[in-house]
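In the UniProt record's numbering, the protein residues as written are 1 to 347.
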């Protein structure tokens, strides 16, 4: 009798445990985009899978593709936001063949580990993941308006109010990430998404790293790389601050500040301390030394002096002299133009 009761108890316990997701749990919709390792699809969960909150620690027991490290306290004890019936999500499908070809396993593991531990209004949520045959599938928050890159291409450039609102949202999200010892290292318009209210979401943590010490890996996208990364020097959180300056410039002028005809010239424009002719330069006084960054401000579109001041204080070659995230939030241009709610409609 005791054996029978124990057997029934074990069966009930097994039935109560969450089962891993499969593609059969979702109605797959239109493709949203594609990347180096796979594609992203719009999807809707077909039925309710879980009627109670499940900690990430429990979910991890059912992820057989990789064993994530439990370094972060929030990852250990955090509660995973559950998918509800007919919940609309984005499925990022990553192909095993691509992972094998580029030896991307460690990077994917780090991306999943970091993004699933972050809970901020301006960070795209990673709800879970599962393996389906030769594919790894990430279940992501769906950002209805898509990439900020497309909005920028549509209008050419943004208004100062739009730009300031997005920079404020980005700064607040990065401040949160940096508190968690996460450096993103690849912030660009293609990795910034907009939800249905126009609220910005940081996505794609493929190049991010969680570390208290400086890093030396050169990674990210060329136009947005900080000088210390190009020079293969140790870098820290300040590389994200540099990128905020690049993005602020691009939002207002429609192109990155160091864009050039080829990679070599872009490198040179980012790290060169010499004025290359008739271009205007930002001058940042460091003691008695004046460091020049090859940065020009076109005459059109018209951009306020306050916006240019913020850009100049971020695009500083010496990473220790760049404006801090808190100072960005307090900057007059941000205070005058940004919508504190973080929502932004097309203008």
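C-beta: ideal position from N, C-alpha, C; glycine also.
| Query | Result |
| --- | --- |
| Grab me the residues of residue 287's own chain with a C-beta within less than 6 Å of its C-beta, minus the 5 sequence neighbours each way, in chain order. | Because residue 287 carries a pLDDT of 32, less than 50, the predicted location of this residue cannot be relied on, and the following value inherits that uncertainty. Nothing meets the Cβ criterion. |
| Is the region 191-210 close to the region 115-126, with three or more CB pairs under 8 Å? | yes |
| In three-state DSSP terms, what is residue 28? | strand |
| Between which two residues does the beta strand (DSSP E) carrying residue 237 extend? | Looking at the DSSP string, residue 237 is not in any beta strand (DSSP E), and its letter there is neither H nor E. |
| Report all residues from its chain with a CB closer than 6 Å to the CB of residue 94; omit the five preceding and five following residues, and keep chain order. | 37, 38 and 136 |
| Mind checking who residue 242 pairs with in its DSSP beta bridge? | Beta-bridge pairing links residue 242 to no other residue. |
| Report the partner residues of residue 140 according to the DSSP bridge assignment. | 90 and 126 |
| Find the nearest neighbour of residue 154 within the set 167, 181 and 254, judged by alpha-carbon distance. | 254 |
| Using DSSP's beta-bridge definition, name the partner residues of residue 203. | Answer is none; residue 203 lacks a bridge partner. |
| Any idea which residues DSSP pairs residue 350 with across the strands? | One cannot answer for residue 350 here, as it falls past the ends of the chain, which runs 1 to 347. |
| Go ahead and label residue 301 buried or exposed: buried means 16 or more other beta carbons lie within 10 angstroms of its beta carbon, across all protein chains shown. | exposed |
| I'd like the list of long-range same chain contacts for residue 308, defined as Cβ closer than 7 Å, with 5 residues on each side in sequence excluded. | 297 |
| So, with DSSP's three-state summary, where would you put residue 186? | coil |
| What span of residues does the alpha helix (DSSP H) with residue 314 cover, start to end? | 305-314 |
| Taking just the CA atoms, how far does residue 107 sit from residue 314? | 28 Å |
| Compare the C-alpha of residue 198 against each of 105, 145 and 224 and name the closest. | 145 |
| In the DSSP assignment, what are the bridge partners of residue 209? | 183 |
| Just to confirm before moving on: does the CB-CB distance between residue 226 and residue 319 stay below 8 Å? | yes |
| Span of the alpha helix (DSSP H) holding residue 152? | 148-155 |
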